[in-house]
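The listed protein sequences correspond, in order, to chains A and B. Numbering-wise, the first sequence is residues 189 to 494 according to our numbering. Numbering-wise, the second sequence is residues 189 to 494 according to our numbering. We put the CB at the ideal spot given by N, CA and C, even for glycine.
Protein chains: 2
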Amino acid sequence: MIDQLVSNIKKTNAPIVVGLDPNIDYVPSYILDQAIKNQGETLEAAGAAIWEYNKGIIDACYDLIPAVKPQVAMYEQFGLPGLEAFKKTVDYCKEKGLVVIGDVKRGDIGSTSTAYAKGHLGGVTIGNTKCYGFNEDFVTVNPYLGTDGVKPFVDVCKEENKGIFVLVKTSNPSSGEFQDQKVEGKPLYEMVGAYVDKWGADVVGTSGYSAVGAVVGATYPEMGKVLRKIMPKAYILVPGYGAQGGTADGLKPYFNEDGLGAIVNSSRGIICAYKQDKYASFGEKNYADASRQAVIDMREDINSIF
Amino acid sequence: MIDQLVSNIKKTNAPIVVGLDPNIDYVPSYILDQAIKNQGETLEAAGAAIWEYNKGIIDACYDLIPAVKPQVAMYEQFGLPGLEAFKKTVDYCKEKGLVVIGDVKRGDIGSTSTAYAKGHLGGVTIGNTKCYGFNEDFVTVNPYLGTDGVKPFVDVCKEENKGIFVLVKTSNPSSGEFQDQKVEGKPLYEMVGAYVDKWGADVVGTSGYSAVGAVVGATYPEMGKVLRKIMPKAYILVPGYGAQGGTADGLKPYFNEDGLGAIVNSSRGIICAYKQDKYASFGEKNYADASRQAVIDMREDINSIF
Chain A
189 MIDQLVSNIK KTNAPIVVGL DPNIDYVPSY ILDQAIKNQG ETLEAAGAAI
239 WEYNKGIIDA CYDLIPAVKP QVAMYEQFGL PGLEAFKKTV DYCKEKGLVV
289 IGDVKRGDIG STSTAYAKGH LGGVTIGNTK CYGFNEDFVT VNPYLGTDGV
339 KPFVDVCKEE NKGIFVLVKT SNPSSGEFQD QKVEGKPLYE MVGAYVDKWG
389 ADVVGTSGYS AVGAVVGATY PEMGKVLRKI MPKAYILVPG YGAQGGTADG
439 LKPYFNEDGL GAIVNSSRGI ICAYKQDKYA SFGEKNYADA SRQAVIDMRE
489 DINSIF
Chain B
189 MIDQLVSNIK KTNAPIVVGL DPNIDYVPSY ILDQAIKNQG ETLEAAGAAI
239 WEYNKGIIDA CYDLIPAVKP QVAMYEQFGL PGLEAFKKTV DYCKEKGLVV
289 IGDVKRGDIG STSTAYAKGH LGGVTIGNTK CYGFNEDFVT VNPYLGTDGV
339 KPFVDVCKEE NKGIFVLVKT SNPSSGEFQD QKVEGKPLYE MVGAYVDKWG
389 ADVVGTSGYS AVGAVVGATY PEMGKVLRKI MPKAYILVPG YGAQGGTADG
439 LKPYFNEDGL GAIVNSSRGI ICAYKQDKYA SFGEKNYADA SRQAVIDMRE
489 DINSIF
């Protein structure tokens, strides 16, 4: 699947991923109002609205981008109807040829991590039939529990040709509280980075990249530079561009010289483009066209660094 | 809610929580076979089977215990039908007066952590109506992202009178890879413990305990002793008793002198008791009675330390 991601990135010439994080406030009011008219002020209405909203954006952008990253929390907040919308979104994006990175940040131990890995990347066997739960292509994984927590995901990746991105250095202001603490003279995130390199060593694809990638926030380019060297085979998923303050120029260290090795996420900046002054002329009804234009602009911005 | 938990523990004289982690291999074959007969070899059948299995255990044990801890991964592996079973389990346990600790180990940043908190502890507003997703009483939270990741949960806890348990030192063998690393001369988990104390400082209930508790594995009693002192107001949720090797004697340091301050989880040891030699005489059909006996035995074992 890492090879598929690399191939999609080359094809689109766009090392970007659209974060499908449908906050209810982002959904155009005409969509939400109609859903409430149909189903009342219910979780079901919210689920229907965010699915319609997503579908519009996917239809408008799928030919320009290699991948999407739905943030499951934004669906989980609406309970079961929200997760139904998540599943529909995952399935639809895969139909459209997009690589789907489930931003689930799961992580537990042993058989519990295996259960998460099966639910999101692999399948379970019921009687003699293999059944698939959410079936994303990649998921994000939290490393705090160590190898016991991550290894079950890697095992399922091997069996199913899937991949993971392990949180190494996140983009938020307080990420340093624990991640930057000095351990044997070096910050903890460097140690986690070294583990990522180790965990991914025997799942390297023909692209030269590993099924075990890393999350490193765009807001810390100096750290990105160091981590790029510590994890030479890891694809780096970079959140924090745009809305969180990361700039295109700061992204250089995350990439290798061939323009590969990193994929930059933008959520709000794309899916909520119609609410920005810059794209306001599209109007609410054409929110998806505004997203398409924002993707084109982001691609240009990112590619300007090469 | 922490006060409710303490009150339930006093009432039952049982500082124990039953982990409702329905691995499909635990479900008695007559239940699974019937579900497959009704719905085929599908996720729906698995969901129906684990719900029936859980219901049996809850009905047999609810009067003896203060709380349950469903592990969401075990439901999530069955996709949407699994999560439907999770929701039914949460609702039914609450009906029975049990405190429900959703073992979800979520953790993200800012608005994303807020979304998780709303989905599991609070609610979302659709139009003018507040709707609840999963609505557990407590959830477990991963601290790797720092205060930005935990604070949104605490905010929702305040509004909704709910609680969290933050992962401090987990019970698994490799937990030390990052958690035990020395930071300024002390292990990282002690630093996380100090944050737990800080995060919980202004949500202390009338019981004297905070809505912000901690997860500390039963497998590390020496560390439990230190952490008990660092986080005097935190209730400690203790996994790893029984199947993972933690003993009743080793649990002493986690408790305060009044016998409060900790709640010990057992999953497999209770819900899969009928598969142990000790309880084999119950037979598969009476799996729930075997669980009841295992709860009684565990209560006696834990209370022997006081």
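Between the C-alpha atoms of A:Pro409 and A:Pro441 there is a straight-line separation of about 6 Å. Along the region 265-279 of chain A, going in chain order, the ones with a CB nearer than 8 Å to a CB of chain B are Gln265, Phe266, Gly267, Leu268, Gly270, Leu271, Glu272, Lys275.
Counting only unbroken stretches of 3 or more residues, the beta strand (DSSP E) elements lying wholly within the region 280-332 of chain A are 287-294, 311-314, 317-320, 326-329, in sequence order. A check of alpha carbon separations from B:Lys350 across B:Ser395, B:Val342, B:Val356 identifies B:Val342 as the nearest. Spatial neighbours of B:Tyr280 in its own chain (CB-CB distance under 7 Å, excluding positions within 5 residues in sequence) are listed in chain order as Lys243, Ile246. If you draw a straight line from the Cα of A:Leu231 to the Cα of B:Lys318, it is about 9 Å long.
In the structure shown, B:Tyr263 falls within a helical segment according to DSSP collapsed to helix, strand and coil. In the DSSP secondary-structure assignment, B:Pro375 is bridged to B:Lys370. Taking 7 Å as the cut-off between beta carbons, none of the residues of the region 396-430 of chain B comes near chain A. Under the Cβ distance rule, B:Gln259 counts among the residues neighbouring chain A, one pair being separated by less than 8 Å.
Taking C-beta separations shorter than 8 Å and ignoring five residues to either side along the sequence, the partners of B:Gln369 in its chain run Pro375, Leu376, following chain order. In this structure, the alpha-carbon of B:Pro258 lies about 16 Å from that of B:Gly267. Residue contact with chain A for B:Ala461: absent (no Cβ-Cβ distance below 8 Å to any residue of chain A). Within its own chain, the residues whose Cβ lies closer than 8 Å to the Cβ of A:Ile451, once the five positions on either side in sequence are excluded, are Leu193, Ile197, Pro203, Ile204, Val205, Pro254, Ala255, Tyr423, Ile424, Leu425, Val426, listed in chain order. Residue burial annotation: A:Phe366 is buried, with at least 16 other C-beta atoms found within 10 angstroms of its C-beta. Taking the C-beta atoms as reference points, A:Thr394 is found no nearer than 8 Å to A:Gln432. Beta-bridge partners of B:Ser469 (DSSP): none assigned. Per the DSSP secondary-structure output, B:Ile459 pairs with nothing in a beta bridge. Taking a 10 Å sphere around the C-beta of B:Phe470, we find 16 or more other C-beta atoms and assign the residue as buried. Taking a contact to require three or more Cβ pairs closer than 8 Å, the region 349-363 of chain B and the region 317-332 of chain B qualify as touching. Listed in chain order, the positions of the region 216-235 of chain A with a beta carbon within less than 7 Å of a beta carbon of chain B are Ile224, Glu229, Thr230, Leu231, Ala233, Ala234.
Going by beta carbons, B:Ala461 and B:Ser479 fall inside the 8 Å limit. Contact between B:Ser359 and B:Gly428 holds: CB atoms are separated by about 3 Å, below the 8 Å threshold. Taking the beta carbon of B:Tyr304 as reference, the chain A residues within 8 Å of it are Ala261, Glu264, Gln265, listed in sequence order. By the neighbour-count definition (other C-beta atoms within 10 Å, threshold 16), A:Ser455 is a buried residue. Counting other Cβ atoms within 10 Å of its Cβ, B:Asp296 reaches 16 or more and is therefore classed as buried. Neighbours of B:Lys293 across chain A, judged by C-beta separation under 8 Å: Arg294, Gly295, Asp296, Asn330. For B:Leu252, there is no enclosing beta strand (DSSP E), as DSSP marks it with neither H nor E.
In the structure shown, the three-state DSSP call for B:Val338 is helix. In the DSSP assignment, the residues bridged to A:Gly351 are A:Phe326. A distance of 8 Å or more separates the beta carbons of A:Pro216 and A:Tyr250. When secondary structure is reduced to three states using DSSP, A:Gly405 falls in the coil class, being assigned neither helix nor strand. Interface annotation, A:Asp390: not in contact with chain B, CB-CB separation never under 8 Å. When B:Val312, B:Lys306, B:Lys284, B:Val260 are compared, the shortest CA-CA separation from A:Gly307 is found for B:Val260. Here DSSP, grouped into helix, strand and coil, assigns A:Val400 to strand.
With its beta carbon at least 8 Å from every one in chain A, B:Asn474 lies outside the interface.
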